[in-house]
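The numbering of the sequence shown is this note's numbering, which starts it at 7 and goes up by one. Cβ coordinates follow ideal geometry from the N, Cα and C atoms, glycine included.
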Amino acid sequence: MPAICRTPMFSEARKELRVSLRKLTKQVGDLREENKKVKQELKVSKARSKWLSDKVDHLKDVIKELVDINLISEDALSDLDKTYCNIPYELILLLFYNT
7 MPAICRTPMF
17 SEARKELRVS
27 LRKLTKQVGD
37 LREENKKVKQ
47 ELKVSKARSK
57 WLSDKVDHLK
67 DVIKELVDIN
77 LISEDALSDL
87 DKTYCNIPYE
97 LILLLFYNT
């Protein structure tokens, strides 16, 4: 080992580097854990989005069927993509939650 490696200043610098390395290693581990959580939340969010999209598509299909058998007006169908104002709220709840 070279003589410079045995000096107190060098030893102190090595200790500081070890401490810094431990801190950085811990931060990397924490960031990896946080990344896993965010990825999991993203998966859940995508699944919820897909589920809601499927429900909306199903609701549109049911409403089209209701228009076909003249239970609701054509106006309700034309407003479907904009609002549900012409469709009774209770009907939306019934169709949405009973599918």
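At the level of alpha carbons, what is the spacing between Arg28 and Ser17?
Taking the sequence shown and counting its residues from 1, one reaches residue 28 at position 22. Taking the sequence shown and counting its residues from 1, one reaches residue 17 at position 11. Between Arg28 and Ser17, the C-alpha separation is close to 17 Å.
Once DSSP output is grouped into helix, strand and coil, what is the label at Ile69?
By 1-based counting over the sequence shown, the position of residue 69 is 63. Looking at Ile69 - three-state DSSP - the assignment turns out to be helix.
Rounded to the nearest angstrom, what separates Lys49 and Asn41 at their Cα positions?
Your numbering for residue 49 matches position 43 in the sequence shown. Your numbering for residue 41 matches position 35 in the sequence shown. Rounded to the nearest angstrom, the two C-alpha atoms are 12 Å apart.
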